[in-house]
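Below: the structure, in C-alpha cells.
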C-alpha cells in the first residue's frame, strides 16, 4: 500500500510575431549545435534551403508538419523545438466521436462510483485552510454528455479539467494522445517576502537571457504578477488542496531528485507544462535595478521522447500510435481535414478549445523494471486460515510508485535542461548519502543535523527493501555518530513512494509507536464482490486480498474474509513482520527524542511522505516548520495523504491494474465493472483512504494540518537550502 504522491502537466502555445508565420524547427538553447534563424547558415551538416519548409511537400495536417520538419532538420528529435501552432493543429485534427464520449464517461463514472474512495467527499465544502471547489462530479460528467464539441481534444480537455478539479494528485485523467510534448518558456520564477513585508515575484533563472536573473516581475500580461501566479495556482495546479502549496509548486523549488541537486521536476509549473497552453506567449514587465523592460516570451514545444517523431507521419498514424487503446474496440479516427495548408502558412484554428487546467503531475520518473520482490503473510496466524503454509506472493512490490517501476513512463517531460542547477550549500557538510536521503551537519550550528529525505521510492536504487533499510539505518547512524544533538527532517519536495519505507523511518525514529496510519475501502458492492472472489479464485495477487492487511489496533492477521468485510477493510498494511524482522537483526538506537526534532516542509510532501510527517507530528508532537507559500497564512505540513492509489489500466502490464485484477477474480462481466477506455488513457485513482489515529473519524486527505512555524523565502535562502535549515533550527527547543 502506498501513500502516493503525485505527479502531475499543463498548456502552452507559441506566438507568431515578427512575421515568422513559417517556423523552422530550432535546437534546444542548451544544445552545442544550433540553427541560425536569420540566415541559412548552420553549424551542423544540414541541407541549406532558403526555408526548410520549401523542402516539405504534401503537408496534410499539423501532425504531418511536425514529422516532416523533423525529417528535414535531420537532427535529434529531443533537440528540436516546434511552434505550438503545429501541435495545436495536430491535436485539433481528430474529429469528435460520440461513441468515444459515451464510453469514456461511462468508464469514469463506474470507476468513481465503484472504486474511488473519496466520492462522498468531493461535494463537501473544504475545511478552513484548504482552497478548492466542492461539486457533484457525477452530475458534471452527465453535463458533458449533452455538450457539443468540435473535436476530440476539446472533449478530452473538459474531462481533464473536471477530474483535476478534485485536487487529488492520486487521481487524474491523463491522455497519452495529448501529452507527447513539453511546452516551455525556458525560464523559472520564484517568490520572496521582503523586509517590509511585501511579497514579490522574481526571475529565478532564464536560459535564454541570463541578465533577467533576479529581476522583479512587476506584471504578467498587464496584471500584477503575484495575482497572476496565485490565480494560476488556484486553477491549474492540483498537487494539493492547500493553495499555498500549489503556489510553491507553480514556482521554482530546489530539491534532491534522483541523486541530483536541482529544480524539482514538479516545480516551475507556471513556465513548463505538458498540456497545450491557451496563449502563444506571455508578456512580462521586469524591473532590473533601475531599468524596466518588457519581455515577450513565446512558448516552445519539445517532444518528450525523441523516438516518437519517427512513430508517425500524419494525423492518422499519430492517432494509431498514441491515441488508440489497443485493448478497446475503437473505430479508426481520420483527421478532420485532408487539405494541405497553403504554402507555409500556419493552419487556422477554427474554434478555441477550452483551457485545460491540468498541471504538472506528481511523482513519475522514467526507469527500468525492478527485480521481483517477495511478500509473505504475517507469521502470526490467528487460525481459520487453513492448514497450508503462509501464502507466498511473488509480484512486483505494489507499494512502490508504479510509474517508476517500468520502462514506459507516460509522464516523462523534456525540460531542455531548465531544471539543471548548480546548487551550493554554504552552511552544511554532507555526512552520508543514503540515496533515499542525504544527511548533513550544519557548519555554523554544529550540533544540528539534517536528514534530507527526498523520496520513499527504492526503485532502481536498491534490489530489495532490506537494502534500502540498511542504507537509511546507516545514514541516520552516521549522522548520530557526529555528535549532533538536534535533528531537522527536511521533507520538502518529497513525492512519496513505498509506505514500507516510510513506516521503517517512523519505526527507527520512534520505536515505541506503531508506525502506520490505518486505512479502509469505503466499501461498495463491487469492492465487496472482489474481496469475496479472492477466496474463490485464489489469484497470485490481488489488491483485494485481506491477507495484505492487518487488524487495527492490534496489527494481527484477519481470521477470515468475513472478519475483514465486517470492518470494511479497516486496518494496517501488512509490513510489520518485515520491518520488525530487519530491526531485530540490525538493532539501532538513535539519540534524539521528539523535542530534539523538527519537521521542515514546503507542503509538497505527499503520499508516503505524508505518512512520515503527519504520523510523527500527530503521535509524537514533533514541531513543524513550513517554508514558502503566502506570508502569514499557515501552510500545510503535507499534501495528498490519500491512502492507496491504484491504476485502472497499467501501460506496463504490471500488477497494479484494476482491469487485470478484476479479470483474475472473474468479475469482468459484472455490470458494475468499468470497461476499457475507448482511447489510450492513463487513469490512477485513490482506492483506500487513511485515517487519523488520535481522531479516528478524521480522513487525512481532507484534514488541514498546518505547520506551527513558518519561514519566508528571500533572495538567499531560495537558492541555498542550508540557510533554510539554519532558520528552521531556530524553532528547535534549546
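Numbering (mature numbering (1 follows the signal peptide of the UniProt record, and there is no 0)), first residue to last: -21 to -1, 1 to 713. For each residue, glycine too, the CB sits at the ideal point set by N, CA and C. Everything numeric in this text was worked out from a predicted model, so none of it was measured.
(message) Which same chain residues end up closer than 6 Å to residue 411 when comparing Cβ atoms and leaving out the 5 residues on each side of it in sequence?
(response) Translated into positions along the chain shown, residue 411 becomes position 432. Counting only Cβ-Cβ distances below 6 Å, and skipping sequence neighbours, we find 418, 454, 457.
(message) In the DSSP output, which residue or residues are listed as bridge partners for residue 276?
(response) If you number the chain shown from 1, residue 276 lands on position 297. Its beta-bridge partners are 261.
(request) Taking all protein chains shown into account, decide if residue 558 is buried (16 or more other Cβ within 10 angstroms of its Cβ) or exposed. (result) By 1-based counting over the chain shown, the position of residue 558 is 579. Label assigned to residue 558: buried.
(message) If distances are taken between C-alpha atoms only, which option among 127, 228, 473, 169 comes closest to residue 75?
(response) Working through the chain shown from its first residue, we reach residue 75 at position 96. Ranking the options by Cα distance to residue 75, first place goes to 127.
(message) Within the continuous alpha helix (DSSP H) that includes residue 296, where are the two ends?
(response) What you label residue 296 is simply residue 317 of the chain shown in a count that begins at 1. Where residue 296 is concerned, the enclosing alpha helix (DSSP H) stretches over 294 to 297.
(request) Let me know the secondary structure DSSP gives residue 689 once reduced to three states. (result) Along the chain shown, read from residue 1 onward, the residue named residue 689 stands at position 710. Reduced to three states, the DSSP call for residue 689 is strand.
(request) Just mark residue 248 as buried or exposed, buried being the case when its beta carbon has 16 or more other beta carbons within 10 Å. (result) Mapped onto the chain shown, residue 248 falls at position 269. The residue in question, residue 248, is buried, as its Cβ has 16 or more Cβ neighbours within 10 Å.
(request) Would you be able to state if there are at least three C-beta pairs under 8 Å between the stretch 210 to 230 and the stretch 608 to 622? (result) yes
(request) Examine the Cβ distances between the stretch 476 to 491 and the stretch 641 to 659 and report whether three or more of them are shorter than 8 Å. (result) no
(request) Give the straight-line distance between the Cα atoms of residue 77 and residue 86, rounded to the nearest whole angstrom. (result) The residue given as residue 77 occupies position 98 in the chain shown. The residue given as residue 86 occupies position 107 in the chain shown. About 14 Å.
(request) Give me the Cα-Cα distance between residue 41 and residue 293, rounded to the nearest whole angstrom. (result) Taking the chain shown and counting its residues from 1, the one referred to as residue 41 is at position 62. Taking the chain shown and counting its residues from 1, the one referred to as residue 293 is at position 314. If I take the Cα positions, the gap works out to 8 Å.
(message) Am I right that residue 172 and residue 528 are in contact with their C-beta atoms under 8 Å? What's the rounded C-beta distance?
(response) Start at 1 with the first residue of the chain shown, and residue 172 comes out as number 193. Start at 1 with the first residue of the chain shown, and residue 528 comes out as number 549. In fact, because the Cβ distance is near 45 Å, the residues do not count as touching under 8 Å.
(request) Mark residue 176 as exposed unless 16 or more other C-beta atoms lie within 10 angstroms of its C-beta, in which case mark it buried. (result) Walking along the chain shown from the start, residue 176 turns up at place 197. The residue is exposed, with fewer than 16 neighbouring Cβ atoms inside 10 Å.
(message) Give the list of continuous alpha helix (DSSP H) stretches no shorter than 4 residues that lie fully inside the stretch 624 to 683.
(response) 637 to 643
(request) Could you pull out every residue in the same chain whose Cβ sits closer than 6 Å to the Cβ of residue 111, ignoring the five residues on either side in sequence? (result) Mapped onto the chain shown, residue 111 falls at position 132. Contacts found: 105, 146, 220.
(request) Inspect the CB distances between the stretch 183 to 197 and the stretch 263 to 283 and report whether three or more fall short of 8 Å. (result) yes
(request) Would you kindly work out how many angstroms separate the C-alpha atoms of residue 336 and residue 697, rounded to a whole number? (result) Position 357 of the chain shown, counted from the start, is the residue given in the question as residue 336. Position 718 of the chain shown, counted from the start, is the residue given in the question as residue 697. For residue 336, the predicted structure reports a pLDDT of 47, less than 50, and the residue's modelled location is therefore unreliable. The matter cannot be settled from this model.
(message) On the CB-based measure, 16 or more other CB atoms within 10 Å of its CB, does residue 652 come out buried or exposed?
(response) Along the chain shown, read from residue 1 onward, the residue named residue 652 stands at position 673. Buried, since its Cβ has 16 or more Cβ neighbours within 10 Å.
(request) Taking residue 49 as the reference, give the member of 525, 699, 284, 688 with the closest Cα. (result) Here residue 49 refers to the residue found at position 70 of the chain shown. Of the listed residues, the one whose Cα sits closest to residue 49 is 284.
(request) Return the chain-ordered list of same chain residues with a C-beta closer than 7 Å to the C-beta of residue 576, the five sequence neighbours on each side being excluded. (result) Within the chain shown, the letter at position 597 stands for residue 576. So the list reads 466, 468, 601, once near-sequence residues are dropped.
(request) Say whether the stretch 230 to 242 touches the stretch 155 to 170, bearing in mind that this needs 3 or more beta-carbon pairs closer than 8 Å, one atom from each stretch. (result) yes
(request) Would you give the residue range spanned by the beta strand (DSSP E) that residue 417 belongs to? (result) Numbered from 1 along the chain shown, position 438 holds the residue referred to as residue 417. 416 to 421 is the extent of the beta strand (DSSP E) around residue 417.
(request) Look at the alpha carbon of residue 159 and the alpha carbon of residue 71, and state the distance between them as a whole number of angstroms. (result) Position 180 of the chain shown, counted from the first residue, corresponds to residue 159. Position 92 of the chain shown, counted from the first residue, corresponds to residue 71. Taking the straight line from one Cα to the other gives about 14 Å.
(request) Per DSSP, which residues does residue 498 bridge with? Please list them. (result) Numbered from its first residue, the chain shown carries residue 498 at position 519. Bridge partners of residue 498: 550, 669.
(request) Label residue 201 either buried or exposed according to how many other C-beta atoms from any shown protein chain fall within 10 Å of its C-beta, with 16 as the threshold for buried. (result) Here residue 201 refers to the residue found at position 222 of the chain shown. Classification for residue 201: exposed.
(message) Determine whether the beta carbon atoms of residue 276 and residue 187 lie at a separation below 9 Å.
(response) The count along the chain shown starts at 1 and reaches residue 276 at position 297. The count along the chain shown starts at 1 and reaches residue 187 at position 208. Against a cut-off of 9 Å, the Cβ pair of residue 187 and residue 276 comes out as a contact.
(request) Write down the C-beta distance between residue 690 and residue 706 rounded to the nearest angstrom, noting that I regard them as a contact closer than 8 Å. (result) By one-based count along the chain shown, residue 690 stands at place 711. By one-based count along the chain shown, residue 706 stands at place 727. Contact flag correct, Cβ pair sits at about 5 Å.
(request) Could you check if residue 408 is buried or exposed, using at least 16 other CB atoms within 10 Å of its CB as the buried criterion? (result) Position 429 of the chain shown holds residue 408. Result: exposed.
(message) According to DSSP, simplified to helix, strand and coil, what is residue 178?
(response) For the purposes of this step, residue 178 is taken as the residue at position 199 of the chain shown. Strand.
(message) Please tell me whether residue 654 and residue 89 are closer than 9 Å, where the distance is taken between their beta carbons.
(response) Taking the chain shown and counting its residues from 1, the one referred to as residue 654 is at position 675. Taking the chain shown and counting its residues from 1, the one referred to as residue 89 is at position 110. Result yes, Cβ atoms of residue 654 and residue 89 sit closer than 9 Å.
(request) Identify the continuous beta strand (DSSP E) that holds residue 424 and give its terminal residues. (result) Along the chain shown, one-based indexing puts residue 424 at 445. Element bounds for residue 424: n/a, residue is neither H nor E.
(request) Tell me whether the beta-carbon of residue 481 lies closer than 9 Å to the beta-carbon of residue 542. (result) Taking the chain shown and counting its residues from 1, the one referred to as residue 481 is at position 502. Taking the chain shown and counting its residues from 1, the one referred to as residue 542 is at position 563. Not closer than 9 Å, so no.
(request) Mark residue 52 as exposed unless 16 or more other C-beta atoms lie within 10 angstroms of its C-beta, in which case mark it buried. (result) Within the chain shown, residue 52 is the residue found at index 73, counting from 1. That one is buried.
(message) Considering only the alpha carbon of each residue, which of 438, 142, 93, 59 lies closest to residue 114?
(response) On the chain shown, position 135 is the one that residue 114 refers to. Nearest of 438, 142, 93, 59 to residue 114, Cα basis: 142.
(request) Could you pull out every residue in the same chain whose Cβ sits closer than 8 Å to the Cβ of residue 694, ignoring the five residues on either side in sequence? (result) Residue mapping note: residue 694 aligns to position 715 of the chain shown, counting from 1. The residues are 171, 181, 193.
(message) I'd like to confirm the pairing. Which residues does DSSP put opposite residue 194 in its beta bridges?
(response) Stepping through the chain shown from its first residue, residue 194 is reached at position 215. Residue 194 is not bridged to any residue.
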